[in-house]
Amino acid sequence: MTTSSGRARIAALDVLRGFVLCEILFANIQLMATGGTAVAALPMGDADPWLGLPVFSLLFGIGFALLLDSAAGRVPRPRLVLLRRLLALLAIGLVHMLLWPGEILTKYAVVGLVVLLPSTWLPRWAMSGLAAAFIAAALVGGGGGLLLIAGLFLLGSALVRYGVVERIEGSTLGPVLLGLAFGAGTAVARWVQADVPPGAGSLTSSLADLLLAGVYVCALLVLLRTPLRPVLRTLFAPLGRMALTNYLTATLLVLAADRILGVPTGRSPTAAFLTAGAILAIQWSFATLWLRRHRQGPAEWLWRWATWAHRPAPRIPAS
1 MTTSSGRARI AALDVLRGFV LCEILFANIQ LMATGGTAVA ALPMGDADPW
51 LGLPVFSLLF GIGFALLLDS AAGRVPRPRL VLLRRLLALL AIGLVHMLLW
101 PGEILTKYAV VGLVVLLPST WLPRWAMSGL AAAFIAAALV GGGGGLLLIA
151 GLFLLGSALV RYGVVERIEG STLGPVLLGL AFGAGTAVAR WVQADVPPGA
201 GSLTSSLADL LLAGVYVCAL LVLLRTPLRP VLRTLFAPLG RMALTNYLTA
251 TLLVLAADRI LGVPTGRSPT AAFLTAGAIL AIQWSFATLW LRRHRQGPAE
301 WLWRWATWAH RPAPRIPAS
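The sequence shown: position 216 = 216 (UniProt numbering), numbered continuously.
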């Protein structure tokens with residue numbers, strides 16, 4: 001299996017992206033249904049967005065760097081391709097914001113334009129150092145926001161430039177050791193947090209959440225080296241390959257369930273959980289069928305058109 005640009009797909013990235021999309025929907029569905037005013041408990045806990053959004057940001061940085069490598073071999077001005085991609089994402093995000101004020105695409109586009117695109121002129125060691133500085137500043141400042149997004153974007157891009165991503169599916173020991181280190185760090189941070197007065201421990205709490213997200217990533221990478229790999233690819237890769245389409249349509253489906261069908265998504269955690277599961281089942285079914293005949297999802301196809309400034313082939317050629 002290859003990407004539309006001819007590069008071999010990295011299945012682990014598709015699986016991770018699909019898994020994260022599921023987590024983000026479960027974590028945010030009540031806020032999406034109410035425009036950010038839900039007061040009921042989230043179905044999967046208050047810290048859930050931390051498990052998904054950092055990984056999503058890391059994957060965005062990885063994808064950006066992979067696209068730069070692809071563009072560098074195809075066009076004389078590869079950064080112009082990246083600029084068009086980010087501007088198109090900004091336009092999509094601004095429209096999406098009318099439906100879901102808490103959407104993330106607009107922030108991704110802005111941080112990409114201000115930080116990620118200029119960073120492509122930096123050596124990889126400088127990019128890595130800047131990533132560490134942004135992440136540290138974000139944690140000290142409360143754990144989230146644009147600084148964390150910028151840091152994780154740069155970290156993902158640096159992982160590509162150091163050749164880590166291309167070897168991501170070739171090792172079991174690496175993810176195991178890294179996952180154990182992240183797990184130990186999470187336990188220590190939680191232990192320290194237990195002795196901190198409520199409201200005074202944002203650093204340790206945010207650090208624990210970020211490390212826990214790393215544990216989830218490593219666990220999935222390890223599982224992809226086991227006989228469970230085909231199951232995980234079947235479950236999550238179709239969602240991940242159509243990440244933009246699924247992210248956008250999730251908003252439409254949540255609002256339709258809440259405002260047209262009258263499902264009390266924003267008021268009942270149980271209804272929210274069941275609605276999210278139903279939406280993911282619909283999206284998985286559609287993505288699985290769609291990708292049998294098409295190279296990418298509908299939104300991905302339009303985004304690619306804007307990125308490369310020419311109409312891409314929509315269907316997989318008949319064999």
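Cβ coordinates follow ideal geometry from the N, Cα and C atoms, glycine included.
Item, Value
"If you follow the alpha helix (DSSP H) that P269 is in, where does it begin and where does it stop?", "269-290"
"Does DSSP classify R295 as helix, strand or coil?", "coil"
"Just confirm the distance between the C-beta atoms of L99 and L255, as a whole number of angstroms; I'd bet it's less than 8 Å.", "6 Å"
"Under 9 Å between the Cβ atoms of V81 and A71?", "yes"
"Taking 9 Å as the threshold (C-beta atoms), are P54 and L261 in contact?", "no"
"On the CB-based measure, 16 or more other CB atoms within 10 Å of its CB, does I29 come out buried or exposed?", "buried"
"If L152 and L66 are in contact, beta carbons under 8 Å, what's the gap, nearest whole angstrom?", "Their Cβ separation, rounded to whole angstroms, is 16 Å, which puts L152 and L66 out of contact at 8 Å."
"Distance, Cα to Cα, L224 vs P123?", "32 Å"
"Which residue from V95, A132, L86 puts its Cα closest to that of L252?", "V95"
"From A278 to A299, what distance separates their C-alpha atoms?", "21 Å"
"Once you ignore the five residues that flank A271 on each side, which residues in its own chain have a CB closer than 8 Å to its CB?", "V263, P264, T265"
"If distances are taken between C-alpha atoms only, which option among P101, T226, A257 comes closest to S171?", "T226"
"Using the Cα positions of L117 and P101, report the straight-line distance between them to the nearest angstrom.", "25 Å"
"Nearest-angstrom Cα distance between G174 and A189?", "22 Å"
"Secondary structure at A309, three-state DSSP: helix, strand or coil?", "coil"
"Keeping to the same chain, check which residues put their C-beta closer than 6 Å to that of residue 325; ignore five residues upstream and five downstream.", "Lying before the first or after the last residue shown, residue 325 is absent from the chain, which here runs from 1 to 319."
"Give me the residue from G144, A12, C22 with the minimum Cα distance to A250.", "C22"
"Can you list, in chain order, the residues of its chain whose CB lies under 8 Å from that of R293, leaving out five sequence neighbours each side?", "R315, I316"
"Would you identify the three-state DSSP class for R161, choosing helix, strand or coil?", "helix"
"Only counting runs of 3 or more residues, tell me where the beta strand (DSSP E) segments fall wholly within the region 214-241, in order along the chain.", "none"
"Could you give the distance in angstroms between the alpha-carbon of L177 and the alpha-carbon of G183?", "10 Å"
"Within the same chain, show all residues whose beta-carbon is closer than 6 Å to that of residue 341, passing over the 5 residues directly before and after it, in chain order.", "Since the first and last residues shown for the chain are 1 and 319, residue 341 lies out of range."
"Can you check DSSP and say which residues form a bridge with R124?", "According to DSSP, which records beta bridges pairwise, R124 is partnered with nothing at all."
"Should G61 and G156 be called a contact, given that it needs their Cβ atoms to be closer than 9 Å?", "yes"
"Among I24, F64, G73, L68, which has the Cα closest to the Cα of G52?", "I24"
"Taking the alpha-carbon of T288 as reference, which of W121, F26, R233, I168 has the nearest alpha-carbon?", "R233"
"Leaving out five residues on either side along the sequence, give the residues of the same chain with a beta carbon under 8 Å from the beta carbon of L154.", "G61, V115, L116, S119, M127, S128, L130, A131, F134"
"Looking only at its chain, what residues have a beta carbon closer than 7 Å to the beta carbon of A158, apart from the 5 residues adjacent to it on each side?", "R124, M127, S128, A131"
"Name the DSSP beta bridge partners of R315, please?", "H294"
"Shortest alpha-carbon distance to A138 belongs to which of L291, A27, S206, A309?", "S206"
"Can T307 and R74 be called in contact, C-beta distance under 9 Å?", "no"
"With a 10 Å radius around its C-beta and 16 neighbouring C-beta atoms as the bar for buried, classify A309 as buried or exposed.", "exposed"
"Output needed for A208: all residues of its chain with C-beta closer than 7 Å, excluding positions within five of it in sequence on either side, in chain order.", "T186, A189, R190, Q193"
"Give me, in chain order, the residues of the same chain whose beta-carbon lies closer than 7 Å to that of K107; leave out the 5 immediate sequence neighbours on both sides.", "L146, I149"
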